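Asks:
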Amino acid sequence: MGQPELDTSQLLKGVLDLAVLAVLAEADSYGYDVVRRLRENGLDHVGDASVYGTLRRLFQAGALNSYVVPSDEGPHRKYYGLNPRGRKALDQSAHAWASFSKALNHLLNGRSNGHDH
Amino acid sequence: MTTDDQASDVPPYAAAVRAALSDLPHDQAEALLEDLEDHLREIAAEAGASLTERLGPPEQYAQELRAAYGAATSGKAQREPALRNLQRAIGSVTSSVWYQQLRAFLPELRPAWWVLRAYLVVLILTAALSPGYNLRPIPNPFSSRGLLEILATIGAILFSIRLGRRSHPLRPGRRRLAIGANVVIALLALPVLASMGTFPSFAMVESGAPGQSPDFASPYSLGSVTNVFAYSKDGKPLTDVLLYDQDGRPLTLAKDPDRTTDYPIGADGQPITNAYPLNQRRLDGTPVLQPRVAIPPWPATAVPASPTASPAPSPTR
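Sequence lines, in order, name chains A and B. Numbering (this note's numbering) for the first sequence: 1 to 117. Numbering (this note's numbering) for the second sequence: 1001 to 1317.
This is how it looks when you write it as structure tokens:
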């Protein structure tokens, strides 16, 4: 829409599923912890509601299993983990992302190379 | 401490989010929101700031949830912008700081309501069980059953507090029933309270229909008048003065619980209850003495009522 700057949150929307799946592939996790780990990995602008909604959607889509871990202090935590279907989705998405970013990097490198000339 | 304060944010915030998503189909909303509260509590427990400061207003949070979950923006809501605006308005009220503070404070008033509702129930029952009874605030020292009222009130308060302090939460159906019962008590109390104390305080004399034996059980007691003393204008006390009201009905006084009254018995065997002054005795048997009175000086001849009378104002003419 004529905006010169790249809107990171718009970018994130497309790849949040992938990011969440990747975090869960490292270790099972609960909503708040997923947000924290995404932010630790540099995705500063990830919204809490977006992650929560994504987790619920992936769970409803059958990509995640979930279990509740009771906690002595504080609320019970609903942990999510990848099931085979989720792992497959992660592989496919990771593959799609790899080729997408490769293409884009290529494009960007070509542009910068062109400038260098 | 901080954690408790933040945790109290959670129910209103979650409620506002649910309200903003109320247009979603029920099963979809359930699937999306089923552990929203736990999730928010987790955030509230770790954050030093309020949920609204951390996450933005609940409506925005709901929008983000809706987008991430991939739920369609409901066509219904788009067709009815007025409803949408209303929801947004309600959401902005319920997410405001003062509303959340109010929500957090209200539960502290519960014990006060437990006491008040018991008191109201006793008043309502008193009004319902004895129509015509001049209901006064409890405790009422002038009522013949003041003690009964006080005991009933204490009993009701104890019971009400016990009900209120129950440790286990009610099931949703019962909870709705309980809230309904409380609302009914509050609504019923309004007319009872409104009717209370509207009797003019000088209406201390009771009239009985002619020929009808006065009903002394009817406690029309406003307290002050327990006897009437009549004097002639030259200050002589009159006895056995028969008093009637404007309709010719005998004027009788409410029974004074602290005194016994001996009425003269008429030739027909009926007590004559409107002959004044009444012949009264205290409960310990001592007769009630005539009070000291000041007889005003009459224009023509002023005769002091009794040697003990206090100085009377001088005539203005």
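Don't be surprised by glycine CBs; every beta carbon is placed ideally from N, CA and C. Please read these numbers as outputs of a predicted model, since none were measured by experiment.
For R1041 (chain B), decide whether its Cβ has a neighbour in chain A, counting only Cβ atoms nearer than 7 Å.
Replies: On the second sequence, position 41 is the one that residue 1041 (chain B) refers to. True, the Cβ-Cβ gap to chain A drops below 7 Å.
Asks: Using 8 Å as the Cβ pair cut-off and three pairs as the minimum, do the segment 87–96 of chain A and the segment 45–53 of chain A touch?
Replies: Touching, no, given that fewer than three Cβ pairs across the two stretches are closer than 8 Å.
Asks: Taking contact to mean 3 or more Cβ pairs, one atom from each stretch, closer than 8 Å, check whether the segment 1030–1050 of chain B and the segment 12–22 of chain A are in contact.
Replies: Result no; under three Cβ-Cβ pairs closer than 8 Å.
Asks: Please report whether the beta-carbon of Y32 (chain A) lies at a distance below 7 Å from any beta-carbon of chain E.
Replies: Among the protein chains in the structure shown, which are A and B, there is no chain E.
Asks: Return no unless some Cβ of chain A is closer than 7 Å to the Cβ of E1030 (chain B).
Replies: Position 30 of the second sequence, counting from 1, holds the residue named residue 1030 (chain B). It does not: the Cβ of E1030 (chain B) has no partner Cβ on chain A nearer than 7 Å.
Asks: Return the bridge partner residues of G81 (chain A) from the DSSP annotation.
Replies: Within the first sequence, residue 81 (chain A) is the residue found at index 81, counting from 1. BP columns for G81 (chain A) point to A:N65.
Asks: Quick check on the burial criterion: 16 or more other C-beta atoms within 10 angstroms. Buried or exposed for L108 (chain A)?
Replies: Working through the first sequence from its first residue, we reach residue 108 (chain A) at position 108. Exposed.
Asks: Using DSSP with H/G/I as helix, E/B as strand and the rest coil, what is F1159 (chain B)?
Replies: For the purposes of this step, residue 1159 (chain B) is taken as the residue at position 159 of the second sequence. It is helical.
Asks: Express the C-alpha separation of L1177 (chain B) and R56 (chain A) in angstroms, rounding to a whole number.
Replies: For the purposes of this step, residue 56 (chain A) is taken as the residue at position 56 of the first sequence. For the purposes of this step, residue 1177 (chain B) is taken as the residue at position 177 of the second sequence. In a straight line, the C-alpha of R56 (chain A) is about 34 Å away from that of L1177 (chain B).
Asks: Are the CB atoms of L18 (chain A) and Y80 (chain A) nearer to each other than 7 Å?
Replies: As a first step, residue 18 (chain A) must be located in the first sequence, where it is residue number 18. As a first step, residue 80 (chain A) must be located in the first sequence, where it is residue number 80. No.
Asks: How close, in whole Å, do the beta carbons of R1281 (chain B) and R1259 (chain B) come, if the pair is a contact with beta carbons under 8 Å?
Replies: Against the second sequence, residue 1281 (chain B) aligns to sequence position 281. Against the second sequence, residue 1259 (chain B) aligns to sequence position 259. Between R1259 (chain B) and R1281 (chain B) the Cβ distance is about 6 Å, and since that is below 8 Å, they are a contact.
Asks: Can you tell me whether DSSP reads G1075 (chain B) as helix, strand or coil?
Replies: The sequence position of residue 1075 (chain B) within the second sequence is 75, counting from 1. Note that G1075 (chain B) scores a pLDDT of 43, beneath 50, so its modelled location is shaky; the value from the coordinates is reported in the next line. In this structure, G1075 (chain B) counts as helix in the three-state DSSP scheme.
Asks: Could one say the Cβ of A1068 (chain B) lies closer than 7 Å to chain A's Cβ atoms, at least one of them?
Replies: Taking the second sequence and counting its residues from 1, one reaches residue 1068 (chain B) at position 68. Yes, A1068 (chain B) counts as interfacial toward chain A.
Asks: Keeping to the same chain, check which residues put their C-beta closer than 6 Å to that of D1256 (chain B); ignore five residues upstream and five downstream.
Replies: Counting from one through the second sequence, the residue named residue 1256 (chain B) turns up at place 256. Counting only Cβ-Cβ distances below 6 Å, and skipping sequence neighbours, we find T1226.
Asks: Does V1241 (chain B) come out as helix, strand or coil in the three-state DSSP assignment?
Replies: The residue given as residue 1241 (chain B) occupies position 241 in the second sequence. In this structure, V1241 (chain B) counts as strand in the three-state DSSP scheme.
Asks: Report the residue from B:A1044, B:L1040, B:R1110 and B:V1241 whose alpha carbon sits nearest the alpha carbon of L1163 (chain B).
Replies: In the second sequence, counting from the first residue as 1, residue 1163 (chain B) sits at position 163. The shortest Cα separation from L1163 (chain B) among B:A1044, B:L1040, B:R1110 and B:V1241 belongs to B:R1110.
Asks: Determine the contact status of P1012 (chain B) and R1103 (chain B), defining contact as a CB-CB distance below 7 Å.
Replies: The residue given as residue 1012 (chain B) occupies position 12 in the second sequence. The residue given as residue 1103 (chain B) occupies position 103 in the second sequence. Cβ atoms of P1012 (chain B) and R1103 (chain B): closer than 7 Å.
Asks: Beta-carbon of Y80 (chain A) versus every beta-carbon of chain B: anything under 7 Å?
Replies: As a position in the first sequence, residue 80 (chain A) is number 80, starting the count at 1. No, Y80 (chain A) does not count as interfacial toward chain B.
Asks: Which residues in chain A have a C-beta closer than 7 Å to the C-beta of E1059 (chain B)? List them in chain order.
Replies: Counted from its first residue, the second sequence places residue 1059 (chain B) at position 59. Simply none; closest approach about 11 Å.
Asks: So, at 6 Å on beta carbons, what are the nonlocal neighbours of V1241 (chain B) in its own chain, with the 5 sequence-adjacent residues on each side left out?
Replies: Numbered from 1 along the second sequence, position 241 holds the residue referred to as residue 1241 (chain B). Closer than 6 Å at the Cβ level, and outside the excluded window around V1241 (chain B), lie A1230 and Y1276.
Asks: Name the chain B residues whose beta carbon is nearer than 7 Å to that of Q118 (chain A)?
Replies: Any property of residue 118 (chain A) remains undetermined from this structure, which presents chain A solely from 1 to 117.
Asks: Should L1051 (chain B) be flagged as near chain A, meaning a C-beta pair shorter than 7 Å?
Replies: Walking along the second sequence from the start, residue 1051 (chain B) turns up at place 51. Chain A contact via Cβ: absent.
Asks: Along chain B, in chain order, which residues have C-beta atoms closer than 9 Å to that of G53 (chain A)?
Replies: Numbered from its first residue, the first sequence carries residue 53 (chain A) at position 53. Under the 9 Å cutoff, chain B gives L1032, E1064, L1065, R1066, A1067, A1068, Y1069, G1070 and A1071.
Asks: For S1251 (chain B), which three-state DSSP category applies?
Replies: Sequence index remark: in the second sequence, residue 1251 (chain B) carries index 251 (1-based). Note on identity: in this sequence residue 1251 (chain B) is Leu, with Ser being the wrong assignment. Residue state, collapsed to three classes: strand.
Asks: Below 8 Å on the Cβ atoms is my guess for S1096 (chain B) versus L1135 (chain B); work out the distance and round it to an integer in Å.
Replies: Against the second sequence, residue 1096 (chain B) aligns to sequence position 96. Against the second sequence, residue 1135 (chain B) aligns to sequence position 135. About 41 Å separates the two Cβ atoms, so there is no contact after all.
Asks: Can you look up S93 (chain A) in the DSSP assignment and give me helix, strand or coil?
Replies: Here the question's residue 93 (chain A) lines up with position 93 in the first sequence. Here S93 (chain A) sits in helix by DSSP.
Asks: How would you list, in chain order, the residues of chain A whose beta-carbon sits under 7 Å from the beta-carbon of D1035 (chain B)?
Replies: Your numbering for residue 1035 (chain B) matches position 35 in the second sequence. Near D1035 (chain B) (Cβ distances below 7 Å), the residues of chain A are K78.
Asks: Counting contacts by CB-CB distance shorter than 7 Å, is D44 (chain A) in contact with chain B?
Replies: Locating residue 44 (chain A) in the first sequence gives position 44, where the first residue counts as 1. So no, D44 (chain A) is outside the interface.
Asks: Given that L1055 (chain B) touches chain A, what residues does it touch there, using C-beta distances under 9 Å?
Replies: Counting from one through the second sequence, the residue named residue 1055 (chain B) turns up at place 55. Under the 9 Å cutoff, chain A gives G47, D48 and A49.
Asks: Run through chain B and tell me which residues come within less than 7 Å of P75 (chain A), C-beta to C-beta.
Replies: As a first step, residue 75 (chain A) must be located in the first sequence, where it is residue number 75. Simply D1038, R1041 and E1042.
Asks: Helix, strand or coil for D1009 (chain B)? Go by DSSP, reduced to three states.
Replies: The residue labelled residue 1009 (chain B) in the question sits at position 9 within the second sequence. Coil.
Asks: Listing by chain order, which chain B residues have their CB less than 9 Å from the CB of R37 (chain A)?
Replies: Residue numbering aside, residue 37 (chain A) sits at position 37 when the first sequence is read from its first letter. Correct list: empty, because the minimum Cβ distance to chain B is about 14 Å.
Asks: By the three-class DSSP mapping on this structure, what secondary structure does S29 (chain A) have?
Replies: Reading the first sequence from its first residue, position 29 is the one you call residue 29 (chain A). Three-state DSSP puts S29 (chain A) in a strand.
Asks: On the DSSP bridge assignment, give the partners of T978 (chain B) in chain order.
Replies: What the structure shows of chain B is the stretch from 1001 to 1317, and residue 978 (chain B) is not part of that stretch, so it cannot be assessed.
Asks: Should I1124 (chain B) and L1188 (chain B) be called a contact, given that it needs their Cβ atoms to be closer than 7 Å?
Replies: In the second sequence, residue 1124 (chain B) corresponds to position 124, counting from 1. In the second sequence, residue 1188 (chain B) corresponds to position 188, counting from 1. Against a cut-off of 7 Å, the Cβ pair of L1188 (chain B) and I1124 (chain B) comes out as a contact.
Asks: Taking just the CA atoms, how far does A1254 (chain B) sit from A1118 (chain B)?
Replies: As a working note, residue 1118 (chain B) is residue 118 in the second sequence. As a working note, residue 1254 (chain B) is residue 254 in the second sequence. About 29 Å.
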